[in-house]
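For the sequence shown, full-length UniProt numbering begins at 1 and goes up steadily by one.
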Amino acid sequence: MMRFIVTCLVIALSVYVAYHGLEYDHGFIRLTKRSPGNRTGVKAPEKSPFDDNDNLISLYMEDSDQSSYSLHYDFYQDSCPTAERIITKGIRELYAAKPSVAPSLIRLLFHDCFIEGCDASVLLDADESLTSEKEASPNQSLKGFDVIESIKSELEKVCPGVVSCADVLVLAAREAVLMAGGPFYPLETGRRDSVVAFKEIAERELPSPQASISVILARFGTRGFNERETVSLFGAHSIGITHCTFFEDRLYNFSGTGKPDPELDTGFQQELKTKCPYSASAPSPGTGVGPSMPASDYGGVSSAGGNDGVVDLSYNNEGGEENFGTRYYRRLMQKKGLMYADQQLTGREETEMWVRAYASDTQLFRRDFAMSMMKLSNYHVLTGPLGQVRTTCSKVLPKI
């Protein structure tokens, strides 16, 4: 009876943390549930948990008589009990030395999960039989590969061949969100790693900073994300940096007019022009191609001949860390969105309503962002006999 009561309390606490977005790291939750969006045939719930507290609770309360191939909380409890602690410790130490690791890892997660699911395919290097996703143009400025490889190396010392690179990436990104001032959210583990990469799909499907709202919603919609979830994920644009190349058309030559974007605040225009002097290679908005988003750190590579200045997306941490995300939406309402794709969120009623909501309600944003990150982290995962557990994240295991 006492064990039953304790279990109920843990369930209630984990649901409260997930729903309200509190920064409470409660360690290893020993719960199980069916995983929405995996590749094992387990059907995802048709109704979004966002609007139904009972449904949210049911996600955590399903009985344990389930597919042995679905994800589980504390999947490594027996095989590698210190796995999550090793990942958490590694990210916290790295963040203390270099805070830019946070947006880099969030972006890396997005680029992995958005293309054929959270399977660590983005981590693979090219070889004689594989073309790497790293070579796709939207991925050439990605960072954080060394971070994941370093943590995986530490895990291999303790539990060789046990913890997947896909799990390392989703857990590292969660810790990065928390370190950057975002909400904690519970995650299941048990993902496996892809044996192939998807360069062509990455080239085609990753949305661009210049993408129209129609393109953005279509790309997210095909992956099961509605307008509310999509807008919440864009809140990650409150940290990191971006290169002037990705928005300078809005300052100097919007849609080929030779003038600034009329939807960009004039005072903000002048501020940006001091950081991003005129360059003749500014792209036109709305093409739907180019470096991708949303996950905050576009740094690393700028277009050939373009403006390689950078702008801090956090605006010197305007509003404090407790306003992770919220400051981003407030700036959109002030017509101070940097990327065309960002500002487009205020151009359609079904997305603007959530921009307004998140700008005025920090807890609502934190709850929704946490739920959307959970959904993203569980998207189209490999489990059970599918995939493999790589020993080095950049290389597929050799065939026996």
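Even for Gly, the Cβ is constructed at its ideal location relative to N, Cα and C. None of these values were measured; they are calculated from a predicted model.
Which class does residue i belong to by DSSP, given the choice of helix, strand or coil?
| i | result |
| --- | --- |
| D74 | coil |
| D261 | coil |
| D127 | strand |
| V177 | helix |
| L382 | strand |
| R85 | helix |
| T326 | helix |
| V231 | helix |
| Q363 | helix |
| D168 | A small correction: the amino acid at residue 168 is Val; Asp does not occupy that position in the sequence shown. V168 falls in the helix class under three-state DSSP. |
| V162 | coil |
| Q270 | helix |
| Q343 | helix |
| H20 | At H20 the pLDDT is 43, less than 50, meaning the model places this residue with poor confidence; the figure from the coordinates comes in the next sentence. Reduced to three states, the DSSP call for H20 is helix. |
Specify, as a first and last residue, the run of the beta strand (DSSP E) that residue i falls within.
| i | result |
| --- | --- |
| S242 | For the sequence presented, residue 242 should be read as Thr rather than Ser. First-last of the beta strand (DSSP E) with T242: I241 to H243. |
| A119 | The sequence shown places Asp at residue 119, rather than the Ala named in the question. No beta strand (DSSP E) contains D119, which DSSP labels as neither H nor E. |
| V355 | Taken as a continuous stretch (DSSP letters only), V355 belongs to no beta strand (DSSP E), being part of the alpha helix (DSSP H) at E349 to S360. |
| V311 | V310 to D312 |
Mark residue i as exposed unless 16 or more other C-beta atoms lie within 10 angstroms of its C-beta, in which case mark it buried.
| i | result |
| --- | --- |
| I86 | buried |
| T189 | buried |
| Y278 | exposed |
| P207 | buried |
| R92 | exposed |
| E175 | buried |
| I115 | buried |
| L397 | exposed |
| K134 | buried |
| I400 | exposed |
| A102 | buried |
| T274 | exposed |
| K259 | exposed |
| Q140 | exposed |
| G182 | buried |
| D146 | exposed |
Can the beta-carbon of residue i be found less than 7 Å from the beta-carbon of residue j?
| i | j | result |
| --- | --- | --- |
| S132 | L124 | yes |
| K143 | S104 | yes |
| R250 | D261 | yes |
| A202 | L130 | no |
| M374 | Y76 | no |
| C113 | L376 | yes |
| G325 | F365 | yes |
| V389 | G161 | yes |
| A173 | L109 | yes |
| A166 | D119 | yes |
| Q343 | E263 | yes |
| Y329 | V311 | no |
| S194 | G387 | yes |
| S360 | E229 | no |
| L187 | V170 | yes |
| V231 | T351 | yes |
| I106 | A236 | yes |
Could you please give the first and the last residue of the uninterrupted alpha helix (DSSP H) stretch that includes residue i?
| i | result |
| --- | --- |
| D146 | F145 to V158 |
| D193 | Element bounds for D193: n/a, residue is neither H nor E. |
| V215 | I213 to G221 |
| Y185 | Run containing Y185: none; DSSP gives neither H nor E here. |
| E248 | Segment: none, E248 is in no alpha helix (DSSP H) and carries neither H nor E. |
| I400 | Neither: I400 is in no alpha helix (DSSP H) and is coded neither H nor E. |
| K199 | K199 to E205 |
Hey, is residue i's beta-carbon within less than 7 Å of any beta-carbon in chain C?
| i | result |
| --- | --- |
| L386 | No chain C is part of this structure, which consists of one protein chain only. |
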